[in-house]
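Enquirer:
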């Protein structure tokens, strides 16, 4: 799942780049470049027992299910309910499928 996690992080970074540069038709300003670099440097994940927590700076982007359970399949993307727990109502996607919907702000609302 490491490859899929790296692809997820790259998709998040790419969406942040698109969002940051959405109004720019020329080169990015130094401030924009610094913001993008800071975001990219702080985006990471930590593996827990059941979930992989994706974080950026001081907030949780979302959780990834590590192994199949009663409700979810391995790779399912869950919205964060709190700092330490996912919302287990419905998956927002799966890291093993299309990631074109991924947003830098977090998993999609239902």
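Numbering (this note's numbering), first residue to last: -11 to 98. No residue lacks a Cβ here, since even glycine has one placed at the ideal position from N, Cα and C. Treat the numbers as computed from the prediction; the structure is a model and nothing was measured.
1. Just to confirm, is the Cβ distance from residue 77 to residue 61 under 8 Å?
2. Please tell me whether residue 80 and residue 96 are closer than 8 Å, where the distance is taken between their beta carbons.
3. Buried or exposed: residue 50, going by 16 or more other Cβ atoms within 10 Å of its Cβ?
4. Under the three-state reduction of DSSP, which class applies to residue 21: helix, strand or coil?
5. Evaluate residue 46 with the Cβ neighbour count: other Cβ atoms within 10 Å of its Cβ, from every protein chain shown; 16 or more gives buried, anything less gives exposed.
6. What did DSSP end up calling residue 64 once you bin it into helix, strand or coil?
7. Are there 16 or more other CB atoms within 10 angstroms of the CB of residue 93, so buried, or fewer, so exposed?
Expert: So, to answer that:
1. no
2. yes
3. buried
4. helix
5. exposed
6. strand
7. exposed
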